[in-house]
Amino acid sequence: MILTRFESTSDGRATQAVEEAFARLASAADEFEAYAHPHALRLASLTDEIARSFDLASEDISSLRIAALAHDLGELAMKRSYIKRADALTEAERIDLARHPVIGEQEAARAGADRAAQLLVRWHHEWWNGTGYPDALRGEQNPLMARILHAADAYVALTAERPFRPARSEEETRQHLVEYSGIEFDPRVVRALLALPCRHRL
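Heads up: the sequence shown runs through residues -8 to 193, numbered per the working numbering.
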């Protein structure tokens, strides 16, 4: 266990103190994964904008923001060195890494995230066509907020420089999202993301 439980509101929604605590934990996860810039904070900002374009309720946006900050806590808890390695993962490593959303869900719960945020962490690697993990949810079986988180995470990760690869260009990243729209990503979410101003690029 890497987390300490923080104060939360009686209805389970994150307080400002909890959000700040998750931001600190997210910074630790970013450091472990060797991101050159704050990955989770960029992701939280982008998911906010996409969610507002869908007119989601404020409590849902709050849950989504916490999930964005918490989404890689499973990887931090696992502390696997292969996460930062340039070489392709072995089959055993891929199977092992696929556990991180469930571990992240558990860590988010221990930290005081509301149940909606916990589930978003669990489902942030589900694919639109049902071939994602851990639960192989297909289409709208996966909640809209989780589909937003997945597409936004891909955008932010691809446009970030990593020790083992350069950042992709804005054009390359947009092309990737379009290419996998309807396969990996919800087409509506892709359209909403690509309609935003390009200010999340570092």
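All C-beta atoms, glycine included, are put in the ideal place defined by N, C-alpha and C.
Cβ pair residue i, residue j closer than 9 angstroms
| i | j | result |
| --- | --- | --- |
| Arg33 | Ala151 | yes |
| Leu37 | Val147 | yes |
| Ala17 | Ala42 | no |
| Val180 | Val169 | no |
| Ala99 | Ala58 | yes |
| Asp126 | Glu117 | yes |
| Asp177 | Trp114 | no |
| Glu40 | Leu187 | yes |
Residue i CB to nearest heavy atom of the ligand PLP below 8 angstroms
| i | result |
| --- | --- |
| Pro29 | This structure lacks the ligand PLP, and indeed carries no ligand of any kind. |
Endpoints, alpha helix (DSSP H) assigned at residue i
| i | result |
| --- | --- |
| Ala151 | Taken as a continuous stretch (DSSP letters only), Ala151 belongs to no alpha helix (DSSP H), as it is neither H nor E. |
| Asp87 | 82 to 88 |
| Thr164 | 161 to 170 |
| Asp39 | 30 to 44 |
| Ser113 | Per the sequence presented here, residue 113 reads as Arg, with Ser not at that position. 106 to 113 is the span of the alpha helix (DSSP H), which, as asked, contains Arg113. |
| Pro134 | Where Pro134 is concerned, there is no enclosing alpha helix (DSSP H), given that its DSSP letter is neither H nor E. |
Beta-carbon separation (whole angstroms), residue i vs residue j, contact threshold 8 angstroms
| i | j | result |
| --- | --- | --- |
| Tyr73 | Glu66 | The Cβ separation is near 10 angstroms, so there is no contact. |
| Ala20 | Ala31 | 7 angstroms |
| Arg159 | Leu149 | 5 angstroms |
| Ala142 | Phe45 | With a Cβ gap of about 12 angstroms, Ala142 and Phe45 do not count as contacting. |
| Phe155 | Ala77 | 3 angstroms |
Nearest neighbour of residue i, chosen from the options [CA to CA]
| i | options | result |
| --- | --- | --- |
| Ala61 | Arg153, Leu128, Pro29, Ile86 | Pro29 |
| Tyr26 | Glu117, Thr122, Arg153 | Arg153 |
| Glu10 | Pro125, Ser54, Asp78 | Ser54 |
| Gly123 | Glu22, Ile174, Gln97 | Ile174 |
| Glu24 | Met69, Ile52, Pro125 | Met69 |
| Ala8 | Val93, Leu47, Gly103 | Gly103 |
| Asp144 | Thr81, Arg56, Leu80 | Arg56 |
Do the stretch 109 to 116 and the stretch 127 to 136 meet, that is, are 3 or more Cβ pairs less than 8 angstroms apart? yes
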